[in-house]
Each structure stands twice: as C-alpha cells, then as structure tokens.
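Enquirer:
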Amino acid sequence: MEDASKIMGEALTLVAADGYRLAATRYPAAGGEARAHLLLAGATGVPQGFYRRFAEYASQRGFCVLTLDYRGVGLSRPASLRGFEMSYLDWGRLDLAAAVEAHQSDRVPLYLVGHSFGGHALGLLPNHRLISACCSFGSGAGWAGWMPWLDGIKVRLLWNLILPPLVAWKGYMPWRLLGMGEDLPLSVYRDWKRWCRYPHYFFDDPEMADMRRQYAEVRLPLLSVTALDDPWAPPRSRDAFASGYRNAQLSVRDIAPPPAGEPIGHMGYFRAACRPLWDETLDWLVHRGQRA
1064 MEDASKIMGE ALTLVAADGY RLAATRYPAA GGEARAHLLL AGATGVPQGF YRRFAEYASQ
1124 RGFCVLTLDY RGVGLSRPAS LRGFEMSYLD WGRLDLAAAV EAHQSDRVPL YLVGHSFGGH
1184 ALGLLPNHRL ISACCSFGSG AGWAGWMPWL DGIKVRLLWN LILPPLVAWK GYMPWRLLGM
1244 GEDLPLSVYR DWKRWCRYPH YFFDDPEMAD MRRQYAEVRL PLLSVTALDD PWAPPRSRDA
1304 FASGYRNAQL SVRDIAPPPA GEPIGHMGYF RAACRPLWDE TLDWLVHRGQ RA
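For the sequence shown, this note's numbering gives the first residue as 1064, with consecutive numbering after it.
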C-alpha cells in the first residue's frame, strides 16, 4: 500500500442549515474513483486533525473521507467562546447533518464512523437514512456509575468540584486548561453535565422525552466497538446508550488492548497501533453496507 502520508486533505467549508460555517477536510480516494464515501464524526472537544491518520488510511483503501470541526471547536470556533450561544445537539442536528448532505453521493454508499459523541450523533441526524452503515468507537452513556470506581470518583469530582468554579470564571468550559481536549461552549458543558447524571444519558432526561422515539427510527447496520480498558465508556456504559438504537441492526464488540504495548483507553482507537482494527472496521462497513 502507498505511504498514507502522501494523501493530501482538501480544506473546505460546510454551511449548516442555520447558516453557521464549518471547517472540514476531504481526503479523496486513492486512485480516483471512490468505492464509498466515509464521514468521520469526532468526539466532544476533539478537533478533526486527531483523525487525520485514520482518514488518510481509509482514503488509501479507496474511501473518500470527510472530517469536520463542530461549531465552537477547532477551526470552527469563534474568536471567543464567552457568550457563544449554541446547543450541544446542534453538532448532530445541524453540523453533522450538513456534512452528510455534502458528502452523500448517488453513485456510492455513505458510511459513518463515530467516536464517542460521534456514535451518539447518528440518532440526532434528520438525514440518517442517507447513511448505509455506521461503526462507532467508545460511545457510552457517560454516567460515572458505569465506570471503574476510581475513574467514577474522578469524574464526579470533575463535574461537581473542579469544573464549576472554572466555568464561572471563564464563561465556558476550559477543557484545555485541564489537558482534556479543546475548550467547549458553556451550553455544551451544561448539557453534558446534566445528561451524565443519568444511567442512560439523555434518554433518562425528563426534558428529552422524545429522544427514545427519535433514536428508534434508526434501522441501519450499526457496530458499536468498545475497548475493555476504556474508562469513560466501558462495555456496560456502551450497552446502556446503545439500547436507544433498539430498531437498528445492532452488533457490539469488545476488544482487549494488546498484552504488551500501548493501551487503547478512550482515545486510542484512532492511533496508529490500532491499524488492524481500522481494516476490520472498513471491511465490516463495506460488507454490511452493501447488504443493506
């Protein structure tokens, strides 16, 4: 296979239905004609550049890949997050929906690969029927009770003691100050904190009563993959959220980190050490997507 570093991404701008402009990158399929289009939906607070290696690799395998930064993150961030108004759900209902519309094709199928929030976002899409199959990594319910006990304690301290004064001081969620990822808009912090109080995330939120019906409309093939050493989204957390996709053709897979080497955790799915998993993922998408 050709060195993936030779694939050059093409920067472009997407426009969401409300007019917000989003930074995106398209990686053309090596050799010209694409066997499929692939959209990569990233995790909360993770800029699109983190997924570059996976996108380049998939493009070498004949996929035309699109990555993007959600509003408020990375290259789609305004000059200041203080006072920036948006809903956490906008990332799926508006931003990712614009990417689906821009990247879908009448000639080849469209697949979605989601990481953490990216797996949540499938059910938020008003145009999810344009997607032929989806694979998500590390998409859990976010409730500390599903996590290993020490990690659960850390998360509770983060939400209840550490972040509130920092958010009050900054006017947004200073995620970067804690070395956790990109800074996030205030509304994302508020929604995320509230939904992580519930064992089934926003499906248990009384203010989101229609969410289960909306997610039940998703019927496409869906593979939800979780690393056994993922502290934020272990298998039982994954299962708690995936239950919302009750009418999807759902498969789940637990993967163990290598006995010697770098752990997978919550972020390692898209590091080079997981390249064999990338091949398995792309093969599964093609196989299930074509059947669908």
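For every residue, glycine included, the Cβ atom is placed at its ideal position computed from N, Cα and C.
These numbers come from a predicted model, not from an experiment.
Any chance the CB of residue 1319 is under 8 Å from a heavy atom of the ligand ADP?
Expert: As far as ligands go, the structure on display features none, and thus does not contain the ligand ADP.
Enquirer: Please report how far the alpha carbon of residue 1066 lies from the alpha carbon of residue 1227, in whole angstroms.
Expert: The residue you call residue 1066 lines up with position 3 of the sequence shown. The residue you call residue 1227 lines up with position 164 of the sequence shown. Reliability of the predicted coordinates at residue 1066 is poor, the pLDDT of 49 falling under 50, and the value obtained from them is presented with this limitation in mind. Their backbone Cα atoms lie some 46 Å apart in a straight line.
Enquirer: Give the secondary structure of residue 1149 by DSSP, where H, G and I count as helix, E and B as strand, and everything else as coil.
Expert: Reading the sequence shown from its first residue, position 86 is the one you call residue 1149. Three-state DSSP puts residue 1149 in coil, outside helix and strand.
Enquirer: Using 8 Å for Cβ pairs, my map puts residue 1319 next to residue 1291. What's the rounded Cβ distance?
Expert: Translated into positions along the sequence shown, residue 1319 becomes position 256. Translated into positions along the sequence shown, residue 1291 becomes position 228. Beta-carbon to beta-carbon, residue 1319 and residue 1291 are separated by about 5 Å, close enough to satisfy the 8 Å threshold.
Enquirer: In this structure, how does DSSP classify residue 1177 when only helix, strand and coil are distinguished?
Expert: As a working note, residue 1177 is residue 114 in the sequence shown. Here residue 1177 sits in strand by DSSP.
Enquirer: Suppose you measure from the CA of residue 1184 to the CA of residue 1265; what does that come to, to the nearest Å?
Expert: Locating residue 1184 in the sequence shown gives position 121, where the first residue counts as 1. Locating residue 1265 in the sequence shown gives position 202, where the first residue counts as 1. Distance between the alpha carbons of residue 1184 and residue 1265: 12 Å.
Enquirer: How should residue 1134 be labelled, buried or exposed, when 16 other C-beta atoms within 10 angstroms of its C-beta is the threshold for buried?
Expert: Walking along the sequence shown from the start, residue 1134 turns up at place 71. So residue 1134 counts as buried.
Enquirer: Hey, residue 1016 and residue 1178 are a contact pair by Cβ (cut 8 Å); roughly how many whole angstroms apart?
Expert: Since the first and last residues shown for the chain are 1064 and 1355, residue 1016 lies out of range.
Enquirer: Grouping DSSP H, G and I as helix and E and B as strand, with all else coil, what is residue 1133?
Expert: Walking along the sequence shown from the start, residue 1133 turns up at place 70. Correct three-state label for residue 1133: coil.
Enquirer: What are the boundary residues of the alpha helix (DSSP H) that residue 1278 is part of?
Expert: Locating residue 1278 in the sequence shown gives position 215, counting from the first residue. Where residue 1278 is concerned, the enclosing alpha helix (DSSP H) stretches over 1274–1279.
Enquirer: Any idea what DSSP makes of residue 1317, helix, strand or coil?
Expert: In the sequence shown, counting from the first residue as 1, residue 1317 sits at position 254. Strand at residue 1317.
Enquirer: Would you mind reading off the limits of the alpha helix (DSSP H) that contains residue 1120?
Expert: For the purposes of this step, residue 1120 is taken as residue 57 along the sequence shown, with counting starting at 1. Here the alpha helix (DSSP H) through residue 1120 covers 1115–1123.
Enquirer: As a quick exercise: from 1203, 1087 and 1334, pick the residue whose alpha carbon is nearest that of residue 1287.
Expert: Start at 1 with the first residue of the sequence shown, and residue 1287 comes out as number 224. Closest option to residue 1287, Cα to Cα, is 1203.
Enquirer: Does the Cβ-Cβ distance between residue 1375 and residue 1293 come in under 9 Å?
Expert: Any property of residue 1375 remains undetermined from this structure, which presents the chain solely from 1064 to 1355.
Enquirer: Going by alpha carbons, who is nearest to residue 1103 out of 1095, 1097, 1093 and 1089?
Expert: Stepping through the sequence shown from its first residue, residue 1103 is reached at position 40. Measuring from the Cα of residue 1103, the nearest candidate turns out to be 1089.
Enquirer: Might you give, ordered along the chain, the residues of its own chain that have their beta carbon closer than 7 Å to the beta carbon of residue 1081, omitting 5 neighbours on each side?
Expert: Taking the sequence shown and counting its residues from 1, one reaches residue 1081 at position 18. Within the same chain, residue 1081 has close Cβ partners 1157.
Enquirer: Using a Cβ-Cβ cut-off of 8 Å (strictly less than) and excluding sequence neighbours within five positions of residue 1173, which residues of its own chain qualify?
Expert: Translated into positions along the sequence shown, residue 1173 becomes position 110. These residues qualify, in order along the chain: 1099, 1100, 1101, 1102, 1163, 1166, 1167, 1193, 1194 and 1195.
Enquirer: Less than 9 Å between the C-beta atoms of residue 1230 and residue 1249, yes or no?
Expert: Numbered from its first residue, the sequence shown carries residue 1230 at position 167. Numbered from its first residue, the sequence shown carries residue 1249 at position 186. It is a contact, given that the beta carbons lie within the stated cut-off.
Enquirer: Write down the C-beta distance between residue 1235 and residue 1224 rounded to the nearest angstrom, noting that I regard them as a contact closer than 8 Å.
Expert: The residue labelled residue 1235 in the question sits at position 172 within the sequence shown. The residue labelled residue 1224 in the question sits at position 161 within the sequence shown. So it is not a contact: roughly 18 Å between Cβ atoms.
Enquirer: Spatial neighbours of residue 1271 within its chain, please: CB distance less than 6 Å, with the 5 preceding and 5 following residues excluded, ordered by chain position.
Expert: Within the sequence shown, residue 1271 is the residue found at index 208, counting from 1. Cβ within range, chain order: 1265.
Enquirer: Going by alpha carbons, who is nearest to residue 1154 out of 1086, 1114, 1208 and 1210?
Expert: Here residue 1154 corresponds to residue number 91 of the sequence shown, with the count starting at 1. That would be 1086, whose Cα lies nearest to the Cα of residue 1154.
Enquirer: Determine the direct distance from the alpha carbon of residue 1240 to that of residue 1331, and round the result to whole angstroms.
Expert: Taking the sequence shown and counting its residues from 1, the one referred to as residue 1331 is at position 268. Taking the sequence shown and counting its residues from 1, the one referred to as residue 1240 is at position 177. One C-alpha to the other measures close to 21 Å.
Enquirer: Going by C-alpha to C-alpha distance, which of 1351, 1350 and 1340 sits closest to residue 1120?
Expert: In the sequence shown, the residue the question calls residue 1120 occupies position 57. Out of 1351, 1350 and 1340, 1340 has the C-alpha closest to the C-alpha of residue 1120.
Enquirer: Check the C-beta distance from residue 1128 over to residue 1186 and give it rounded, since I have them as a contact under 8 Å.
Expert: Counted from its first residue, the sequence shown places residue 1128 at position 65. Counted from its first residue, the sequence shown places residue 1186 at position 123. With 8 Å as the limit, residue 1128 and residue 1186 do not qualify as a contact, their Cβ atoms being about 22 Å apart.
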